[in-house]
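Which chain is which? The protein sequence lines are P and V, in order.
Numbering-wise (our numbering), the first sequence opens with residue 9 and increments by one.
Numbering-wise (our numbering), the second sequence opens with residue 9 and increments by one.
Idealized CB from N, CA, C, for every residue including glycine.
Remember, it's a predicted structure, so these values are computed and weren't measured experimentally.
To start, the structure under review is shown below, and the notes come after it.
2 protein chains.
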Amino acid sequence: MTEVVILGAGNVAFHLFKAFSKAKNIKVTQVYNHRDESLEYFSKFTETSTEIRNLKSGDFYILALKDDVIPEIAQDLKSKNGIVLHTSGAVSLNSLECLTNLGVFYPLQTFSKNKAVDFSEIPVCIEANSIENLERIKALASAITRDIREINSEQRKALHLAAVFVNNFSNHLYSIGAEICKTNQVDFSILKPLIKETASKMESLSPKDAQTGPALRNDQKTIETHLKLLSKKDKDIYSLLTQSIQDFHGKKL
Amino acid sequence: MTEVVILGAGNVAFHLFKAFSKAKNIKVTQVYNHRDESLEYFSKFTETSTEIRNLKSGDFYILALKDDVIPEIAQDLKSKNGIVLHTSGAVSLNSLECLTNLGVFYPLQTFSKNKAVDFSEIPVCIEANSIENLERIKALASAITRDIREINSEQRKALHLAAVFVNNFSNHLYSIGAEICKTNQVDFSILKPLIKETASKMESLSPKDAQTGPALRNDQKTIETHLKLLSKKDKDIYSLLTQSIQDFHGKKL
Chain P
9 MTEVVILGAG NVAFHLFKAF SKAKNIKVTQ VYNHRDESLE YFSKFTETST EIRNLKSGDF
69 YILALKDDVI PEIAQDLKSK NGIVLHTSGA VSLNSLECLT NLGVFYPLQT FSKNKAVDFS
129 EIPVCIEANS IENLERIKAL ASAITRDIRE INSEQRKALH LAAVFVNNFS NHLYSIGAEI
189 CKTNQVDFSI LKPLIKETAS KMESLSPKDA QTGPALRNDQ KTIETHLKLL SKKDKDIYSL
249 LTQSIQDFHG KKL
Chain V
9 MTEVVILGAG NVAFHLFKAF SKAKNIKVTQ VYNHRDESLE YFSKFTETST EIRNLKSGDF
69 YILALKDDVI PEIAQDLKSK NGIVLHTSGA VSLNSLECLT NLGVFYPLQT FSKNKAVDFS
129 EIPVCIEANS IENLERIKAL ASAITRDIRE INSEQRKALH LAAVFVNNFS NHLYSIGAEI
189 CKTNQVDFSI LKPLIKETAS KMESLSPKDA QTGPALRNDQ KTIETHLKLL SKKDKDIYSL
249 LTQSIQDFHG KKL
């Protein structure tokens with residue numbers, strides 16, 4: 009049985025805990041967090057602690073923590089024999105260099121507590137300080153996902169940035185769409201099939217081939233009508249993205 | 009049998025033709041386009057014509073045409089008894105006012121010829137110049153979709169604008185993500201589960217509740233790291249969207 013200790017109680021910790029709890033031959037033996045209140049959910053299923061010095065020994069320590077506390081928590085884990093992994097897209101492998109056995113376990117997905125995910129389809133980006141550790145991390149990952157990728161720290165940082173564009177920023181464009189609906193007394197649900205299809209097209213088309221709309225067609229009349237309907241701030245976003253589409257597709261403004 | 013004549017041979021015409029062809033009690037009796045080459049596909053299944061004066065009589069004339077030619081084509085249809093419908097998000101009902109029986113049939117979806125769609129889930133926004141015509145358009149729409157909405161011209165214009173944000177602009181953010189992957193020798197497929205989940209979250213969460221990421225957390229360190237990795241143009245997009253997220257969620261920059 010592989011024993012896993014999870015440090016952190018946020019969205020990533022929550023979904024990793026659920027995925028590992030379902031996996032064969034893996035047991036989450038403890039969840040640590042500095043705030044006791046955040047441990048309530050986990051305490052129903054396993055041991056919990058608010059004290060680093062009370063951490064149990066385990067095969068893996070997974071730091072699902074805020075980026076800036078990772079190096080200092082790593083310092084506290086120097087005496088541990090297990091492999092210490094962080095789950096961050098933006099933090100390099102080197103930030104754990106005070107340790108002997110270390111690596112990265114970055115699930116490239118957006119997690120919200122009240123939205124279940126199928127972990128088996130989530131790409132997990134792994135990195136390690138030795139071939140042996142890489143193999144052990146790969147075995148751990150294979151218990152919960154079919155999609156394991158060896159990604160170095162530079163690539164991971166770039167992926168994290170790409171994820172901000174395709175996830176955080178796209179989601180914000182949905183918020184702008186929802187606001188436009190609200191202003192015009194239209195139910196936001198009407199946009200949901202379009203949102204779904206926009207994403208679904210990526211299964212069979214490249215984003216370049218899937219691009220449509222007034223910017224691509226250089227349909228100035230529609231672009232001007234749209235700009236008149238928008239607030240100053242949303243107008244800036246509309247103009248900048250329209251220009252970016254036209255630059256990308258080699259259209260003249 | 010309801011007889012439908014389609015004018016246009018683009019993506020909307022193509023997918024409407026396929027949906028109507030599958031529907032019970034509806035027959036597409038003719039497809040018109042000014043360019044003969046574009047009619048090749050349709051000519052395998054029905055009559056085609058490049059001449060407006062050769063249009064057959066029908067119950068409905070569906071103008072799946074570029075926005076700016078809709079009013080002039082409407083002029084050519086004055087002698088027809090059927091209901092003339094346009095399929096544009098941006099053109100008002102009034103643009104057909106030279107006609108007796110007129111309306112709008114706007115499917116709120118993104119169409120590409122080489123991507124099949126399930127038309128039954130596509131919201132069709134309808135509008136008409138009389139209650140009788142509205143009922144007849146509703147009956148036509150119900151043959152191909154379960155989601156029919158009465159939407160006036162102002163609302164439709166706003167929806168078209170919202171669609172640009174959630175569809176065209178989101179898709180362009182996928183293009184930027186794909187470019188970042190390419191630069192860093194990472195396969196774009198790694199982002200596909202994230203893209204899918206971002207859209208899928210809208211089934212159970214509002215976009216406001218689904219928002220995550222460095223902008224929302226006001227994680228300045230990550231934001232600065234990301235800005236350093238970007239080209240001038242993408243940096244402007246990153247900054248503007250980050251600020252917009254923070255304004256929308258009431259965070260201080």
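Would you decide whether residue i is buried or exposed? Buried here means 16 or more other CB atoms lie within 10 Å of its CB.
i	result
M9(V)	exposed
T153(V)	buried
F53(V)	exposed
A21(V)	buried
N179(P)	buried
R157(P)	buried
I159(V)	buried
G90(P)	buried
R144(P)	buried
T230(P)	buried
T58(V)	exposed
E80(V)	exposed
Q38(P)	buried
V263(P)	Residue 263(P) cannot be examined here, being either before or after the span of chain P that is shown, 9 to 261.
R61(V)	exposed
G111(V)	buried
R164(P)	buried
V77(V)	exposed
D255(P)	exposed
D155(P)	buried
K30(V)	exposed
Can you give me the start and stop residues for the alpha helix (DSSP H) that residue i sits inside?
i	result
K26(P)	19-30
E265(V)	For chain V, the structure presents residues 9 to 261; residue 265(V) sits outside this window and is missing.
P222(V)	222-225
A170(P)	161-171
F50(V)	48-51
G185(P)	178-191
A6(P)	Examination of residue 6(P) is not possible in this model, given that chain P is present from 9 through 261 alone.
L202(V)	200-208
L235(V)	228-237
A218(V)	215-218
Only counting the same chain, and skipping five residues up and downstream in sequence, which positions put a Cβ closer than 8 Å to that of residue i?
i	result
L235(V)	K243, Y246, S247
N33(V)	M9, T10, A151
E140(V)	none
N19(V)	F119, S120, K121
Might you give, ordered along the chain, the residues of its own chain that have their beta carbon closer than 7 Å to the beta carbon of residue i, omitting 5 neighbours on each side?
i	result
R106(P)	Here residue 106(P) turns out to be Cys, not Arg, going by the sequence shown. Excluding sequence neighbours, C106(P) sits near A82, Q83, K86.
A27(P)	F127, I152
A17(P)	V39, N41, S46, L47, F50
A98(P)	D75, K165, H168
Output the boundary residues of the beta strand (DSSP E) element that contains residue i.
i	result
Q38(V)	34-40
S247(V)	Unbroken run through S247(V) is the alpha helix (DSSP H), 240-256; no beta strand (DSSP E).
S57(V)	55-57
G66(P)	Neither: G66(P) is in no beta strand (DSSP E) and is coded neither H nor E.
I91(P)	91-94
L110(P)	110-115
V13(V)	10-15
I134(V)	132-136
E105(V)	Run containing E105(V): none; DSSP gives neither H nor E here.
With a CB to CB cut of under 6 Å and the five nearest residues on each side skipped, what residues in its chain are close to residue i?
i	result
S51(P)	none
L142(P)	A136
S212(P)	none
I130(P)	P115, Q117, T153
Contact residues within the segment 102-117 of chain P, judged by C-beta distance below 8 Å to chain V: L116, Q117
Within the chosen definition, does the segment 236-255 of chain V reach the segment 189-205 of chain P through at least 3 CB pairs nearer than 8 Å? no
Which residues, taken in chain order from the segment 77-94 of chain P, show a beta carbon closer than 8 Å to some beta carbon of chain V? none
If the cut-off is 9 Å on Cβ atoms, which residues from the segment 210-228 of chain V count as contacting chain P, listed in chain order? Shown in chain order are the members of the segment 210-228 of chain V whose Cβ falls below 9 Å from a Cβ of chain P: M210, E211, S212, L213, S214, P215, K216, D217, A218, Q219, T220, G221, P222, A223, L224, R225, D227.
Report the residues of the segment 193-205 of chain V with a CB closer than 9 Å to any CB of chain P, ordered along the chain. Q193, V194, D195, F196, S197, I198, L199, K200, P201, L202, I203, K204, E205
Does the contact criterion of 3 or more C-beta pairs under 8 Å hold for the segment 120-128 of chain P versus the segment 205-216 of chain V? Verdict: yes, contact present.
Scan the segment 121-141 of chain V for residues whose Cβ lies nearer than 7 Å to a Cβ of chain P and list them as they occur along the chain. Going along the segment 121-141 of chain V in chain order, one finds K123, V125, E129, I130, P131 with a Cβ nearer than 7 Å to chain P.
Name, going along the chain, the residues of the segment 14-27 of chain V whose beta-carbon falls closer than 9 Å to a beta-carbon of chain P. N19
Proximal residues, the segment 59-79 of chain V versus chain P, C-beta separation under 9 Å: K74, D75, D76
Scan the segment 143-167 of chain P for residues whose Cβ lies nearer than 8 Å to a Cβ of chain V and list them as they occur along the chain. D155, R157, I159, E162, Q163, K165, A166, L167
Given 8 Å as the limit, is there contact between the segment 34-49 of chain V and the segment 97-112 of chain V, that is, 3 or more CB pairs closer than that? no
Pairs of beta-carbons, one from the segment 165-172 of chain V and one from the segment 193-202 of chain V, closer than 8 Å: are there three or more? The answer is no - the segment 193-202 of chain V does not touch the segment 165-172 of chain V, with fewer than three Cβ pairs under 8 Å.
Please list, in chain order, the residues of the segment 240-251 of chain V that have any C-beta partner in chain P closer than 7 Å. K241, D244, I245, L248, L249
Relative to chain V, which residues along the segment 173-185 of chain P have a C-beta separation below 7 Å, given in chain order? F173, V174, N175, N176, F177, S178, N179, H180, L181, Y182, S183, I184, G185
With 8 Å as the limit, tell me which residues of the segment 32-59 of chain V have their beta carbon closer than that to any beta carbon of chain P; keep them in chain order. none
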